[in-house]
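Following the working numbering, the numbering of the sequence shown begins with 13 at its first residue and continues without gaps.
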Amino acid sequence: WFHIGTSQNLMKLNNYYYANCLRDNHKLHTVGDLEVITHPTLQGHINKKECKCARCSNDCTQYKCNKPYRCQKTAIEIMACILPKWHPSTEVQKNIPDLIPDQHTANIKAIKDNGDILFDPALPPLSILEDGF
């Protein structure tokens, strides 16, 4: 989760005790991993070490986490540091104008003639993520 798409506040949290627990015990390393733990807690959850809800009990036994509610709070704080461009909850802009057919034709001609090409902001759909790199 420590990448270019974060605010400066993340530096304060990165070596925080519960951030270390998230990385080392919970084995969370990506924004997607963090997103899972930030979902609302289960019924019966209390924000105390003694919480016995299913999620906290699982975190205590499976991940050797002493205070699961603090790890969840830290994950929420880390997610708040993710800038909107990179945040998974940000809506993708869908009204990007396409080039009109004449502009596509002009681009094809420009490619052949080594001329100037008009940028096409529309991204082609990718069948798999790796095709985008």
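Backbone N, C-alpha and C fix where the C-beta goes; we use that ideal spot for every residue, glycine too. Everything numeric in this text was worked out from a predicted model, so none of it was measured.
Where does the unbroken alpha helix (DSSP H) through proline 113 begin, and where does it stop? Counting along the chain, the alpha helix (DSSP H) containing proline 113 begins and ends at 113-125.
Looking at C-beta atoms only, is the number of pairs between the segment 78-92 and the segment 17-35 that lie closer than 8 angstroms three or more? The segment 17-35 and the segment 78-92 touch, with three or more beta-carbon pairs separated by less than 8 angstroms.
Taking only the alpha-carbon atoms, compute the straight-line gap between aspartate 71 and cysteine 77 and give it to the nearest angstrom. Taking the straight line joining both Cα atoms gives about 6 angstroms.
Spell out the partners DSSP gives threonine 18 in its beta bridges. In the DSSP output, where bridge partners are listed per residue, threonine 18 has Ile94.
Burial state of leucine 130, where buried means 16 or more other Cβ atoms lie within 10 Å: Label assigned to leucine 130: exposed.
From what residue to what residue does the alpha helix (DSSP H) around asparagine 32 run? Counting along the chain, the alpha helix (DSSP H) containing asparagine 32 begins and ends at 29-36.
Please report the straight-line C-alpha distance between cysteine 65 and threonine 50, rounded to a whole angstrom. Spanning the two alpha carbons is a distance of roughly 15 angstroms.
Return the Cβ separation of arginine 67 and leucine 54 in integer angstroms, given the expectation that the two are a contact with Cβ distance under 8 angstroms. About 5 angstroms separates the CB atoms of arginine 67 and leucine 54; that is less than 8 angstroms, so the two are in contact.
Keeping to the same chain, check which residues put their C-beta closer than 6 angstroms to that of asparagine 37; ignore five residues upstream and five downstream. If we look at asparagine 37 and ignore the five residues flanking it on each side, its Cβ neighbours are Tyr75, Lys76, Cys77.
Let me make sure I understand the geometry here. Which of Leu111, Pro52, Gln115, Met23 has the alpha-carbon closest to that of isoleucine 88? From the listed residues Leu111, Pro52, Gln115, Met23, the smallest Cα separation to isoleucine 88 is found for Pro52.
Of all the options Asp132, Ser101, Cys93, Lys97, which has the alpha carbon lying nearest to the alpha carbon of lysine 24? For lysine 24, the closest of Asp132, Ser101, Cys93, Lys97 by C-alpha to C-alpha distance is Cys93.
What are the start and end residues of the alpha helix (DSSP H) that includes glutamine 55? First-last for glutamine 55: undefined, no H or E at that position.
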